[in-house]
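Numbering (our numbering), first residue to last: 100 to 339.
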C-alpha cells in the first residue's frame, strides 16, 4: 500500500489496495460516492479517530494480496465485463427476492415495526433506479468505454459519441450512484444496521441479511466505477 497521510483521499486508498474497503465498511466510512474526501475528513464525518483507521490501513501492508483482485491494474474492457458479470448479475438476481421479502415483512411485522414499511418503499425505489441505471451503462456508457480502450490500443480515432464527451454520462451515473447509496444508507439507519429485533421471524432475519449484502455489494460496485473505471475513461478520452 502507498504511504498514507491524513490528506490521502479515501478513493486513492481503496484504488491502491482493495482490502481497504473492509476497513472502511467496518467504520461506516463511505469509500464509493464519498471517495473524494481525505481520510481525515472522512473519519471526522464517521466519528472515528483517523489515527486508528490509518493504523488499520497500514497493517494491511503485511498481508498478501490477490493479484486477480488488483482491479486498478485491469484493462477497461476486462473491468467492464467483470462489473456486468459480477455486480450487475448479482443485482438482477437479488432484486426480485429482496423486493418480495421486504414487502412480506412489512405486511407481517409493519404494525410492531413501522420502519419496515419505509424500508419496503425505499428499496422499491432502489430497484427501479438500479434497473434503469444498469441498462444505461450496458447499452450506452460501457460500449463507448470499450471503444476508447480499443482506440488507446490501436491508435485509431474513436467514432464520435452521441453524448459529446464521456464526462456527460459519467456525471449522470455518479449522481445515480449517490442516490442509490443514500437510499441504502437510509435503510441501514432504519434497521439499526440490519440488526434483527427479538421478535424477528426467519424471513425477517434473512431479509436484513440480504439488505446488508446488497449494500456491501453496491459499495464495491460503485467503487470500481467511480474510482477506477470512470477516471480511466476520462484519461483515455483526454478530458482530464
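Every residue gets a Cβ at the ideal spot worked out from N, C-alpha and C, and that includes glycine. All values reported here derive from a predicted model rather than from experimental measurement.
As a beta-bridge residue in DSSP terms, residue 137 pairs with 108. For residue 150, the enclosing alpha helix (DSSP H) has its first and last residue at 149-158.
Sequence-distant Cβ neighbours of residue 109 in its own chain, meaning closer than 8 angstroms and more than five residues away, are 123, 128, 129, 130, 133, 134, 135, 136, 137, 138, 141. By the CB criterion at 8 angstroms, residue 286 and residue 218 fall inside the cutoff.
Per DSSP, reduced to three states, the secondary structure at residue 142 is helical. For residue 208 and residue 177, the gap between their C-alpha atoms comes out near 44 angstroms. By the Cβ test, the stretch 315-322 is in contact with the stretch 273-288, since at least three Cβ pairs between them sit closer than 8 angstroms.
Restricting attention to 149, 119, 194, 204, the CA atom closest to the CA of residue 169 is found in 119. Around the beta carbon of residue 334, fewer than 16 other beta carbons sit within 10 angstroms, so the residue counts as exposed.
With fewer than 16 other CB atoms across the displayed protein chains lying within 10 angstroms of its CB, residue 238 is exposed. The DSSP-derived three-state label of residue 175 is helix. Listed in chain order, the beta strand (DSSP E) elements of length 3 or more contained wholly in the stretch 259-321 amount to none. Residue 115 holds the alpha-carbon nearest to the alpha-carbon of residue 157 among 115, 322, 186.
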